[in-house]
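Protein chains in written order, with my numbering: chain A, 1 to 308; chain B, 1 to 330.
Heads up, the beta-carbon is just placed ideally off N, CA and C, and yes, glycines get one too.
Each remark here refers to the structure printed beneath this line.
This is the structure:
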């Protein structure tokens, strides 16, 4: 039925050997392929290149620069820009970054732990109500989560929880797709015989899970963790609706706030635009580094969802 | 919750499992049970134990908000009358409200145009990356994926800057040819301006999913096809694409759900669009403004609930048809 796809190193090697046979026609194809890829790389990098270049400009260079939008100005002001960014408004920027990190880690880890437990439960236990509840879970994957934001806000405001960190963290724990991924993975990766053997040896269910099942689930765990952390870090609508105290804002809502202020007073906002630009640059660095350094974890894991 | 039908289904599968009610009776009566049976029952309880933490979050943050939103949507707040029960009036209002309908029409049109383009781009890139292996291909794969790691807020901001006549390069480029640059957030262009932002943001993620599925195909299939005289193109279109069709369906569902609840990008670009992006641009933006600008929570709940239902039905219909077609094709 459902099989998680795993990349076999041997099959890759075999394929490379197959495609390595050169021929004139194939080489022409490859030139086209490289042009296509090259053009796409330029397209995907242009916004980030612009951001990097603009971060090095002072206000004058940004608004009346002579070297164009995509090249550095005479004045290289990245250092002063960073100092302004980190000191502006008592260093609120660092506070926002810290909040984002806090929400992403707590929400992400929490959602992943719930997912791995529930996914394992659905995959490896036969119990009353399992089929119906799994069908409900699958249906809930189709519910747009942003449609829940305003209802959740109203619900939490009744409990006096809005404008607290809980209003951001608790709804982030909901990740039906993560449960689904874990269920699919656990069904294949954890053999029933292994669990039975552990039980026969007298291990309790909890111990069986932690010592036998969890090590086998680790690849999917890391994938779901990454997806949940990115999801929470990038979330905008939920914290925007829940929070009004700027001290609690994550970086996405904070930069959105600056952008609104900069647009509202067009003349006085000039220095704020510079802050927004360098702030955007700094804010993407942690996740970009995380993705570049954790490549081997997410590249294999993302295929779990694409099943036959 | 819905225990009875599940128990019935369960009973058919494993005869040793008893319905929970019977189990309580037996336990109360102190009847001896076989070792196998007691194991089964203990494990049934353990299964629920593993699911319980998620189930609680599910009930509190998905079922309860949906239920509460539906409840709230049945009331209306009048200036003189206060809050009163009005039944489905809010839905009648919503489905005759041009603001809501135009928003729905926009996201539906947007999904219909955007998703095929996005899928075509990500599928093409994945096929190319699957065919060539080199350091540059690996680099390209990473760079194309990178926008996924960038928050939609920042992505929209960057493109907003690039579109802007003050900050962006477009004026310069078009100026070199003596022409005026188009403003990609003008009423005529905003559709394409937003499409570009979303494609940039998500195509790489979809590409990686398709690419991973392609890497999972057994390469001996290609050898067999090549011996039968199939060209590289034929292998790509006749073997690779059909074999990754389940990944394509998954992506389509993601893209559909994501597009219909479009919020972040237009919300961020409101400020720089010179009024093109209105407070009722998409259903989600409209609901947000009804709730937080007008404190009209009853109507906002109705819109949220209606949007949720519309998305759910759209995805359900889509899945139904792809399943049908898939079974006909195979």
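Report the rounded CA-to-CA distance for residue i versus residue j, giving the unit in angstroms.
{"i": "residue 273 (chain A)", "j": "residue 151 (chain B)", "result": "18 Å"}
{"i": "residue 176 (chain A)", "j": "residue 54 (chain A)", "result": "40 Å"}
{"i": "residue 102 (chain A)", "j": "residue 68 (chain A)", "result": "38 Å"}
{"i": "residue 86 (chain A)", "j": "residue 232 (chain A)", "result": "23 Å"}
{"i": "residue 316 (chain B)", "j": "residue 291 (chain B)", "result": "28 Å"}
{"i": "residue 34 (chain A)", "j": "residue 128 (chain B)", "result": "9 Å"}
{"i": "residue 153 (chain A)", "j": "residue 82 (chain B)", "result": "21 Å"}
{"i": "residue 216 (chain A)", "j": "residue 245 (chain B)", "result": "28 Å"}
{"i": "residue 168 (chain B)", "j": "residue 46 (chain A)", "result": "11 Å"}
{"i": "residue 182 (chain A)", "j": "residue 188 (chain B)", "result": "44 Å"}
{"i": "residue 235 (chain A)", "j": "residue 252 (chain A)", "result": "7 Å"}
{"i": "residue 64 (chain B)", "j": "residue 171 (chain B)", "result": "51 Å"}
{"i": "residue 134 (chain B)", "j": "residue 191 (chain B)", "result": "37 Å"}
{"i": "residue 173 (chain A)", "j": "residue 50 (chain B)", "result": "15 Å"}
{"i": "residue 260 (chain B)", "j": "residue 178 (chain A)", "result": "21 Å"}
{"i": "residue 32 (chain B)", "j": "residue 221 (chain A)", "result": "The predicted model places residue 32 (chain B) with a pLDDT of 43, which falls under 50 and marks its position as unreliable; any figure quoted below should be read in that light. Taking the straight line joining both Cα atoms gives about 41 Å."}
{"i": "residue 198 (chain A)", "j": "residue 213 (chain A)", "result": "10 Å"}
{"i": "residue 36 (chain A)", "j": "residue 43 (chain A)", "result": "11 Å"}
{"i": "residue 72 (chain A)", "j": "residue 167 (chain A)", "result": "42 Å"}
{"i": "residue 316 (chain A)", "j": "residue 298 (chain A)", "result": "Lying outside 1 to 308, the shown extent of chain A, residue 316 (chain A) is not represented and no answer is given."}
{"i": "residue 81 (chain A)", "j": "residue 141 (chain B)", "result": "32 Å"}
{"i": "residue 114 (chain A)", "j": "residue 147 (chain A)", "result": "22 Å"}
{"i": "residue 46 (chain B)", "j": "residue 124 (chain A)", "result": "10 Å"}
{"i": "residue 62 (chain B)", "j": "residue 71 (chain B)", "result": "14 Å"}
{"i": "residue 106 (chain B)", "j": "residue 322 (chain B)", "result": "24 Å"}
{"i": "residue 201 (chain A)", "j": "residue 195 (chain A)", "result": "10 Å"}
{"i": "residue 150 (chain A)", "j": "residue 159 (chain B)", "result": "28 Å"}
{"i": "residue 307 (chain B)", "j": "residue 194 (chain B)", "result": "20 Å"}
{"i": "residue 207 (chain A)", "j": "residue 106 (chain A)", "result": "24 Å"}
{"i": "residue 291 (chain A)", "j": "residue 229 (chain A)", "result": "12 Å"}
{"i": "residue 161 (chain B)", "j": "residue 84 (chain B)", "result": "46 Å"}
Can you name the residues that DSSP bridges to residue i?
{"i": "residue 85 (chain B)", "result": "B:75"}
Name the two residues that bound the continuous alpha helix (DSSP H) containing residue i.
{"i": "residue 202 (chain B)", "result": "190-215"}
{"i": "residue 59 (chain A)", "result": "59-64"}
{"i": "residue 121 (chain B)", "result": "98-131"}
{"i": "residue 242 (chain A)", "result": "237-242"}
{"i": "residue 148 (chain B)", "result": "Premise fails: residue 148 (chain B) is in no alpha helix (DSSP H) and is neither H nor E."}
{"i": "residue 60 (chain B)", "result": "Careful: residue 60 (chain B) lies outside any alpha helix (DSSP H) and carries neither H nor E."}
{"i": "residue 74 (chain A)", "result": "Note, residue 74 (chain A): premise wrong, no alpha helix (DSSP H); not H, not E."}
{"i": "residue 294 (chain B)", "result": "No alpha helix (DSSP H) contains residue 294 (chain B), which DSSP labels as neither H nor E."}
{"i": "residue 225 (chain B)", "result": "220-227"}
{"i": "residue 139 (chain A)", "result": "130-141"}
{"i": "residue 190 (chain A)", "result": "Counting along the chain, residue 190 (chain A) falls outside any alpha helix (DSSP H), and DSSP gives it neither H nor E."}
{"i": "residue 277 (chain B)", "result": "It is not in any alpha helix (DSSP H) - residue 277 (chain B) carries neither H nor E in the DSSP assignment."}
{"i": "residue 69 (chain A)", "result": "Per DSSP, residue 69 (chain A) belongs to no alpha helix (DSSP H) and is neither H nor E."}
{"i": "residue 228 (chain A)", "result": "214-234"}
{"i": "residue 172 (chain A)", "result": "165-172"}
{"i": "residue 231 (chain B)", "result": "No alpha helix (DSSP H) holds residue 231 (chain B); DSSP gives it neither H nor E."}
{"i": "residue 262 (chain A)", "result": "251-264"}
{"i": "residue 253 (chain B)", "result": "245-260"}
{"i": "residue 176 (chain B)", "result": "170-176"}
{"i": "residue 153 (chain A)", "result": "149-158"}
{"i": "residue 206 (chain A)", "result": "205-208"}
{"i": "residue 162 (chain A)", "result": "Segment: none, residue 162 (chain A) is in no alpha helix (DSSP H) and carries neither H nor E."}
{"i": "residue 268 (chain B)", "result": "264-269"}
Between the options, which has its C-alpha nearest residue i's C-alpha?
{"i": "residue 249 (chain B)", "options": "B:106, B:115, B:193, B:102", "result": "B:115"}
{"i": "residue 313 (chain B)", "options": "A:173, A:241, A:140, A:197", "result": "A:140"}
{"i": "residue 79 (chain A)", "options": "A:278, A:199, A:228", "result": "A:278"}
{"i": "residue 237 (chain A)", "options": "B:231, B:234, B:197, B:258", "result": "B:258"}
{"i": "residue 203 (chain B)", "options": "B:216, B:176, B:251, B:261", "result": "B:251"}
{"i": "residue 98 (chain A)", "options": "A:287, A:250, A:146", "result": "A:250"}
{"i": "residue 78 (chain B)", "options": "B:299, B:275, B:321", "result": "B:299"}
{"i": "residue 57 (chain B)", "options": "A:92, A:111, A:84, A:51", "result": "A:111"}
{"i": "residue 240 (chain A)", "options": "A:209, A:162, A:39, A:227", "result": "A:162"}
{"i": "residue 70 (chain A)", "options": "A:76, A:210, A:52", "result": "A:52"}
{"i": "residue 131 (chain A)", "options": "B:137, B:48, B:218", "result": "B:48"}
**Q.** Stretch pair the stretch 217-235 of chain B + the stretch 273-291 of chain B: three plus CB contacts closer than 8 Å
**A.** no
Q. Between the stretch 254-264 of chain A and the stretch 105-125 of chain B, do at least 3 Cβ pairs fall closer than 8 Å?
A. no
Q. Are the stretch 260-272 of chain B and the stretch 173-180 of chain B touching by the rule of at least three beta carbon pairs closer than 8 Å?
A. At 8 Å Cβ cutoff, the stretches do not touch.
Q. Are the stretch 203-215 of chain B and the stretch 139-159 of chain B in contact at 8 Å, needing three or more beta carbon pairs?
A. yes
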